[in-house]
Amino acid sequence: MKSSYRYFIHLAIWMALLGLYAFPQLRVNWPSAVGLKWVLVHDVAYGFINFHLFYVLVFTWLPSPVKQRQYAKGVVGTLLIILLFAVIKFLVGYYLFPDQILQRMIALTGVPKIYMSFREYLPATIRTGLGVSLLAYGYRLFLQWRNTEPEDRMLATAATQARSRYDRMQEGSRQLLHHLQLLTPVLEDEQKREHEGTKAILILSDLLRYMLYDKALEKERVPLKKELTHFERYVELRNLLHPQQLLQLHTVGEASLGTIEGLRLQQFLEAGLQQWNEVAGSITIELTCSEHVVALSLAAPHQKSIHQHIRLFPDHG
């Protein structure tokens, strides 16, 4: 909100509330010029001054100490501002409205008027200023809460997303480290070293490069097509290192659109296969891609199929 609009909007609300407060006295004192002027000066004119005390506190002084939680500094500064406005109110009363503001009591005809000194006037205006400052402090806290809540939500969301990415990458790294250990006996076998061993090393290097250095994984979601490409490489690596389980991957549907959480397919595949550690033979992996979801299904003879649905997100470039 622009500062000029903010000022006039708050002024209009303040004066409207002030009008509701002063209306009963205005109606009663309408026939009396003296009484009407007293209400207009005491309630309306000085209410206008009190609004500026409220506005200065809320939008000029209090934001910094409230945000930085420097409460002692905020209290001291607020008291100084209240004292400054007390001087302003006294001067306005002294030069413009002495009878309405500083006169101790309505004098009888022929009796000299007695006016309050600044020292005598100060306690009453300090009490009013403290009331306005409490209102200003409460409103400033409300504005601070309202303004920081979206930021807090964004920070919480970012932290959750970062934690999710970290967990997925940690799990992926653990699986690749496990496969690296499984690669050792393959490399020690002279018959397998040249073909299976070399191929497994190349695939493992490719997957590690994707996991650790690919810019796409720095974001929460990656293009589905890129994820599927590396998922196929992962299935190929697993077939090389787990020859007792032959994974057959079938992809159905359009895989060129949408984004998916990085490494999610790999994570769900491993979670499903861990339930079938003792299963040997052919295992069918079917990926069905639709507009909003990827359905991953695992099927093996004499085993209950495992199904998992993974949400897809629009690709905004």
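Counting with our numbering, you get residues 905 to 1221 for the letters of the sequence shown. The beta-carbon is built from N, C-alpha and C at its ideal position, and this holds for glycine as well.
Alpha-carbon spacing of residue i relative to residue j, whole angstroms
i, j, result
"Ser919", "Leu1039", "Correcting the residue identity first, residue 919 is Met in this sequence and not Ser. Using only the alpha carbons, I get a separation of about 15 Å."
"Leu1153", "Thr1064", "32 Å"
"Thr1029", "Ser936", "26 Å"
"Tyr1070", "Ser1077", "10 Å"
"Leu1145", "Leu1167", "19 Å"
"Leu984", "Gly923", "29 Å"
"Thr1192", "Leu1161", "13 Å"
"Ile1210", "Gln974", "57 Å"
"Ile1214", "Arg1113", "24 Å"
"Ala1204", "Val1183", "8 Å"
"Glu1098", "Asp1118", "28 Å"
"Phe952", "Leu944", "11 Å"
"Pro967", "Phe989", "19 Å"
"Leu1173", "Leu1108", "17 Å"
"Arg1008", "Tyr1019", "6 Å"
"Leu1202", "Gly1101", "27 Å"
"Arg1023", "Val991", "10 Å"
"Phe927", "Lys1017", "29 Å"
"Val1139", "Gln1095", "22 Å"
"Lys971", "Leu1034", "21 Å"
"Phe902", "Ala949", "Since the first residue shown for the chain is 905 and the last is 1221, residue 902 is missing from the structure and cannot be characterised."
"Ala1066", "Phe958", "42 Å"
"Asp1110", "Pro1089", "20 Å"
"Tyr998", "Thr1052", "44 Å"
"Val1200", "Leu1150", "In the sequence on display, residue 1200 carries Leu and not Val. One C-alpha to the other measures close to 17 Å."
"Gln1170", "Phe1135", "6 Å"
"Glu1075", "Met1115", "11 Å"
"Ile917", "Ile1005", "25 Å"
heavy atom of the ligand COA below 8 Å from residue i C-beta
i, result
"Asp1071", "Inclusion of the ligand COA in the displayed structure is not the case, the ligand content being empty and no account of it being possible."
Buried versus exposed call for residue i [16 or more other C-beta atoms within 10 Å across all chains shown]
i, result
"Glu1165", "buried"
"Leu1081", "exposed"
"Gly1176", "buried"
"Asn954", "buried"
"Val932", "exposed"
"His1196", "exposed"
"Ile1037", "In the sequence under discussion, the amino acid at residue 1037 is Ser, which differs from the Ile named in the question. With 16 or more other Cβ atoms within 10 Å, it is buried."
"Val1198", "buried"
"His1206", "exposed"
"Phe1046", "exposed"
"Val938", "exposed"
"Thr1163", "buried"
"Thr982", "buried"
"Phe1217", "exposed"
"Arg910", "exposed"
"Arg1050", "exposed"
"Lys980", "For the sequence presented, residue 980 should be read as Val rather than Lys. Per the 10 Å Cβ criterion, exposed."
Per DSSP, cross-strand counterpart(s) of residue i
i, result
"Arg1215", "Val1197"
"Tyr1019", "Gln1007"
"Thr1192", "Val1156 and Ala1199"
Where residue i falls: helix, strand or coil (DSSP)
i, result
"Pro969", "helix"
"Pro1127", "strand"
"Leu1202", "strand"
"Leu915", "helix"
"Gln1007", "strand"
"Ser908", "helix"
"Ser1037", "helix"
"Ser1186", "strand"
"Ile1210", "strand"
"Leu1144", "helix"
"Asp947", "helix"
"Trp934", "coil"
"Asn1228", "Here the chain has residues from 905 to 1221 only, and residue 1228 is not among them."
"Asp1093", "coil"
N- and C-terminal bounds of the beta strand (DSSP E) containing residue i
i, result
"Leu1153", "Gln1149 to Val1156"
"Glu1174", "Careful: Glu1174 lies outside any beta strand (DSSP E), inside the alpha helix (DSSP H) at Arg1168 to Leu1177."
"Thr1163", "Thr1163 to Glu1165"
Residue i, enclosing alpha helix (DSSP H) - first and last residue
i, result
"Ile953", "Tyr950 to Val960"
"Ser1114", "The question names Ser, yet the displayed sequence has Tyr at residue 1114. Note, Tyr1114: alpha helix (DSSP H), Thr1102 to Tyr1117."
"Tyr998", "Tyr975 to Tyr999"
"Trp1223", "Within the shown structure, residues of the chain are numbered from 905 to 1221, placing residue 1223 beyond reach of any answer."
Test: residue i CB closer than 9 Å to a CB of chain C
i, result
"Arg1113", "Considering every chain present, this structure includes no chain C. It has just one protein chain."
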